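Protein chains: 2
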Amino acid sequence: MRVRLEDVARAASVSPKTVSRVLNDEANVSDDTRQRVLAAMQAMDYRPHPSARSLAGHRSFLVAMLYDNNDNPASTYLAEIQDGVLEACDEHRYSMMVRPLRMRSGDFIRRLDALIADHHPDGVVLTPPITDYAPLLKRLREAGVPHASVSPAHRGKGIIGVRMDEQQAARAMVEHLLALGHRRIAHVVGIADHGASRWRLAGYREALAAAGIAEDPVLVVQGAFTFGSGVEAARKLFALKKRPTAVFAANDDMAAGVMWAAGEYGIKVPHDLSVCGFDDIPLARQLWPALTTVRQPAREMGKLAALQLLEVVRGRGPGRLAQVGFSLEVRDSTARVP
Amino acid sequence: MRVRLEDVARAASVSPKTVSRVLNDEANVSDDTRQRVLAAMQAMDYRPHPSARSLAGHRSFLVAMLYDNNDNPASTYLAEIQDGVLEACDEHRYSMMVRPLRMRSGDFIRRLDALIADHHPDGVVLTPPITDYAPLLKRLREAGVPHASVSPAHRGKGIIGVRMDEQQAARAMVEHLLALGHRRIAHVVGIADHGASRWRLAGYREALAAAGIAEDPVLVVQGAFTFGSGVEAARKLFALKKRPTAVFAANDDMAAGVMWAAGEYGIKVPHDLSVCGFDDIPLARQLWPALTTVRQPAREMGKLAALQLLEVVRGRGPGRLAQVGFSLEVRDSTARVP
DNA sequence: TCGCGAATTGACAGCGCTGTCATTTGTGTC
DNA sequence: GACACAAATGACAGCGCTGTCAATTCGCGA
Numbered sequence: 007m008r009v010r011l012e013d014v015a016r017a018a019s020v021s022p023k024t025v026s027r028v029l030n031d032e033a034n035v036s037d038d039t040r041q042r043v044l045a046a047m048q049a050m051d052y053r054p055h056p057s058a059r060s061l062a063g064h065r066s067f068l069v070a071m072l073y074d075n076n077d078n079p080a081s082t083y084l085a086e087i088q089d090g091v092l093e094a095c096d097e098h099r100y101s102m103m104v105r106p107l108r109m110r111s112g113d114f115i116r117r118l119d120a121l122i123a124d125h126h127p128d129g130v131v132l133t134p135p136i137t138d139y140a141p142l143l144k145r146l147r148e149a150g151v152p153h154a155s156v157s158p159a160h161r162g163k164g165i166i167g168v169r170m171d172e173q174q175a176a177r178a179m180v181e182h183l184l185a186l187g188h189r190r191i192a193h194v195v196g197i198a199d200h201g202a203s204r205w206r207l208a209g210y211r212e213a214l215a216a217a218g219i220a221e222d223p224v225l226v227v228q229g230a231f232t233f234g235s236g237v238e239a240a241r242k243l244f245a246l247k248k249r250p251t252a253v254f255a256a257n258d259d260m261a262a263g264v265m266w267a268a269g270e271y272g273i274k275v276p277h278d279l280s281v282c283g284f285d286d287i288p289l290a291r292q293l294w295p296a297l298t299t300v301r302q303p304a305r306e307m308g309k310l311a312a313l314q315l316l317e318v319v320r321g322r323g324p325g326r327l328a329q330v331g332f333s334l335e336v337r338d339s340t341a342r343v344p
Numbered sequence: 007m008r009v010r011l012e013d014v015a016r017a018a019s020v021s022p023k024t025v026s027r028v029l030n031d032e033a034n035v036s037d038d039t040r041q042r043v044l045a046a047m048q049a050m051d052y053r054p055h056p057s058a059r060s061l062a063g064h065r066s067f068l069v070a071m072l073y074d075n076n077d078n079p080a081s082t083y084l085a086e087i088q089d090g091v092l093e094a095c096d097e098h099r100y101s102m103m104v105r106p107l108r109m110r111s112g113d114f115i116r117r118l119d120a121l122i123a124d125h126h127p128d129g130v131v132l133t134p135p136i137t138d139y140a141p142l143l144k145r146l147r148e149a150g151v152p153h154a155s156v157s158p159a160h161r162g163k164g165i166i167g168v169r170m171d172e173q174q175a176a177r178a179m180v181e182h183l184l185a186l187g188h189r190r191i192a193h194v195v196g197i198a199d200h201g202a203s204r205w206r207l208a209g210y211r212e213a214l215a216a217a218g219i220a221e222d223p224v225l226v227v228q229g230a231f232t233f234g235s236g237v238e239a240a241r242k243l244f245a246l247k248k249r250p251t252a253v254f255a256a257n258d259d260m261a262a263g264v265m266w267a268a269g270e271y272g273i274k275v276p277h278d279l280s281v282c283g284f285d286d287i288p289l290a291r292q293l294w295p296a297l298t299t300v301r302q303p304a305r306e307m308g309k310l311a312a313l314q315l316l317e318v319v320r321g322r323g324p325g326r327l328a329q330v331g332f333s334l335e336v337r338d339s340t341a342r343v344p
């Protein structure tokens with residue numbers, strides 16, 4: 007039969023309420039008592055019943071992770087974030103629920119309300135690209151549900167979660183190309199309204215400006231974060247009479263597309279053209295030549311965002327916008343300018 | 007303030023227990039009463055409190071989806087399954103929890119036990135490759151937790167879930183190549199102990215045998231479901247003095263690798279070599295030329311598996327091993343033999 | 001030693017629902 | 001119309017925990 011809190015209480019010769027206090031890490035329990043109770047819990051392998059806790063305590067011990075499954079970034083990226091969030095939740099014995107939401111759909115808010123009404127999450131983790139959708143944030147605020155974001159586009163006060171300095175990373179990537187002697191460096195931009203696209207473009211511009219190179223508008227082509235859009239963007243670039251010697255794509259999928267298109271045109275990477283991307287998806291390492299890219303620690307970011315959220319949810323602090331480092335993964339797709 | 011079952015009861019002039027009966031779709035409620043109660047629920051936008059239901063009713067309304075995040079198949083595939091499972095759960099107002107488990111790790115069973123002890127899922131959905139791991143199944147059976155599998159390798163009695171006839175699909179794919187006049191058809195095998203690898207290989211052999219073609223062992227090369235392994239496998243094949251005219255890879259990642267390697271060797275796809283895959287990942291459509299492949303309706307499969315599970319969990323029936331159809335997505339990477 | 005405020009502990013009700021079982025209402029039969 | 005039986009409904013306790021508040025114990029200065 008299931009071990010209940012009452013059983014632990016009896017074993018430790020204290021009242022159920024005291025066990026509850028220990029369980030919830032409350033103050034005003036003597037060290038001696040606390041140890042006795044913890045020992046009893048351990049010995050009996052006590053597992054609090056989440057529903058009972060939730061019912062009596064008016065909190066769900068539930069974190070919901072929201073993502074957009076319509077217009078989503080690489081599923082690998084989301085999967086890694088998910089694993090990170092889960093890991094953080096496990097550490098604090100919270101459970102996690104995932105919720106796909108279609109940002110562009112009309113019933114977006116209704117579905118959010120249903121989530122809140124049905125499951126009462128104690129907090130919510132937002133993932134790109136739904137970190138900054140105003141009606142969503144408003145609704146969460148109204149409902150009093152704390153939330154943390156992974157890579158929010160804005161960083162106003164009260165925004166908690168995790169970010170990577172993507173602009174800095176993009177700049178570093180372009181500086182890597184500059185250091186290799188490239189001067190005609192193209193950029194394939196991501197979906198326009200994603201924060202990621204803006205930052206990476208900004209980093210690209212910053213690097214060029216710092217190097218005293220005037221931006222050539224024809225070298226900045228629109229993409230959509232997909233392989234196919236990378237192929238198309240590359241075709242446009244290769245059709246120019248004065249081709250770029252390097253292409254920095256705003257993500258790896260598009261970079262792979264660029265490399266693919268290079269094959270079509272008989273352009274050898276990296277000999278004739280350097281290509282680099284962003285994200286370090288598994289494919290990046292597998293491509294031939296292996297893709298130079300920026301590694302974004304998605305898993306760690308998911309975890310950190312969730313930890314910030316849990317800090318707030320558990321009343322342990324105000325939470326903050328944590329920052330994680332990036333690393334340039336210089337592989338074989340970039341080389342000195344021909 | 008929250009609307010409770012009691013409030014609905016008052017509004018409908020019945021006892022709380024009767025409302026509970028309607029909520030749970032129990033028998034022995036007159037149609038008249040049922041309608042009245044349903045109307046009241048609707049009018050008041052009543053949302054049963056899951057924890058209260060779970061606590062009093064001794065069930066969690068929770069389905070856990072287990073996956074292997076160590077040795078996992080394409081994350082897109084899992085993400086789609088996840089969305090499907092979620093959809094089924096939503097329909098029946100069950101909540102879903104995801105659990106990454108490392109099958110090869112020592113604490114596998116301990117983590118499973120923790121999941122059961124902590125969350126009491128009413129049922130579990132197993133995804134490849136952890137659909138057939140004996141200790142896991144044993145443990146679930148001991149704990150009395152019903153489970154359904156997506157593409158289980160075995161189909162003994164009592165196994166419920168969903169499967170696609172992968173062998174048939176693989177055979178159809180190879181027959182497509184045969185119909186194009188190919189006779190030297192290579193196969194890149196997936197990870198050895200995955201059911202998927204076995205079936206696809208079996209289908210390949212079946213098709214060849216049916217066409218009266220003796221299998222040439224050098225044309226069957228081992229891969230590992232990754233892009234890189236596809237590249238390597240292809241290099242081996244291209245190094246043969248008598249190259250194949252077509253390559254059937256056991257999944258799309260490897261097929262993409264084969265196409266990539268073809269580029270290295272100056273082999274034109276599909277002119278000099280036909281390539282086809284399996285799974286229809288997003289990349290397949292984006293490749294150039296677009297990859298001929300087998301579409302596996304992962305999302306639908308996730309949903310169906312969950313529906314079978316829920317049938318059992320809800321005491322509605324015994325559940326079964328549902329079967330979904332496949333479709334050959336003939337695109338541009340396969341053509342008549344040169 | 002006594003008294004007093006603070007720290008610690010406990011008693012008890014109740015979170016919102018369902019299981020059990022008793023009671024009432026309806027249905028068909030002669 | 002009376003009776004037997006089934007269907008429909010309700011009363012009530014209790015699931016396992018926590019909030020509230022009262023009771024007890026402790027530490028320490030007078």
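Protein chains in written order, with the numbering used here: chain A, 7 to 344; chain B, 7 to 344.
All residues carry an ideal CB built from backbone N, CA and C; glycine is no exception.
The structure presented is a predicted model; accordingly, all values stated were derived computationally and were not measured.
Exposed unless 16 or more other CB atoms sit within 10 angstroms - verdict on residue i
i	result
Gln-329/B	exposed
Ala-245/B	exposed
His-160/A	exposed
Val-224/A	exposed
Asp-38/B	exposed
Ala-46/A	buried
Arg-177/A	buried
Gln-292/B	buried
Cutoff 7 Å; reference residue i; Cβ partners in own chain excluding five residues on either side
i	result
Leu-146/B	Val-130, His-153
Arg-249/A	Leu-243
Val-35/A	Thr-24, Arg-27, Val-28
Thr-82/A	Ile-287, Pro-288
Proximal residues of chain A, C-beta to C-beta of residue i below 9 Å
i	result
Arg-53/B	Ala-120, Ala-123, Asp-124
Partners in chain B for residue i, counting only beta-carbon separations shorter than 8 Å
i	result
Trp-266/A	Leu-293, Trp-294
Met-103/A	Ser-101, Met-102, Met-103
Asn-30/A	Simply none; closest approach about 16 Å.
C-alpha distance - residue i paired with residue j, whole-angstrom precision
i	j	result
Arg-59/B	Tyr-100/A	19 Å
Pro-56/A	Glu-212/B	52 Å
Met-102/B	Leu-68/B	6 Å
Leu-186/A	Val-168/A	32 Å
Lys-274/B	Gly-331/B	32 Å
Met-179/A	Gly-63/B	57 Å
Leu-118/A	Leu-142/A	8 Å
Arg-40/B	Gln-302/B	41 Å
Arg-322/A	Asn-30/A	13 Å
Asp-285/A	Val-195/B	29 Å
Gly-150/A	Ala-198/A	31 Å
His-125/A	Arg-53/B	9 Å
Near the ligand GTP: residue i beta-carbon under 7 Å from a heavy atom
i	result
Leu-316/B	The model depicted lacks the ligand GTP and carries no ligand whatsoever.
Beta-carbon contacts of residue i that lie in its chain and below 6 Å, excluding the five residues immediately before and after
i	result
Arg-65/B	Asp-128
Ala-311/A	Val-131, Ala-154, Val-156, Gly-167, Val-168
Leu-279/B	Ala-268, Ile-273
Gln-173/A	Trp-205, Ala-208, Gly-209
Contacts that residue i makes with chain B (C-beta to C-beta distance below 7 Å)
i	result
Glu-270/A	Trp-294
Chain-ordered chain A contacts of residue i [CB-CB under 8 Å]
i	result
Val-237/B	Gln-292, Trp-294
Ala-58/B	Ser-57, Leu-61
Leu-315/B	By Cβ distance, chain A contributes nothing, its closest Cβ being about 17 Å from Leu-315/B, past 8 Å.
Residue i: contacting residues in chain A (beta-carbon distance under 7 Å)
i	result
Gly-234/B	Gln-292
Ser-81/B	Ser-81, Thr-82, Ala-85
Leu-289/B	Phe-233
Asp-89/B	Asn-75, Pro-106
Chain-order list of residues whose beta-carbon lies under 8 Å from that of residue i (same chain, five-residue window excluded)
i	result
His-182/B	Cys-282, Thr-298, Leu-334, Val-336, Thr-340
Val-20/B	Thr-39, Arg-42, Val-43
Only counting runs of 4 or more residues, tell me where the alpha helix (DSSP H) segments fall wholly within the segment 92-128 of chain B, in order along the chain. 114-125
Enumerate, from N- to C-terminal direction, the unbroken alpha helix (DSSP H) stretches of 4 or more residues contained entirely within the segment 268-306 of chain B. 288-292
Please give the ranges of any beta strand (DSSP E) in the segment 164-237 of chain A, keeping only runs that are unbroken, at least 3 residues long and fully inside the region. 166-170, 191-195, 226-228
3 or more residues per run - each beta strand (DSSP E) lying fully within the segment 25-91 of chain A: 68-74
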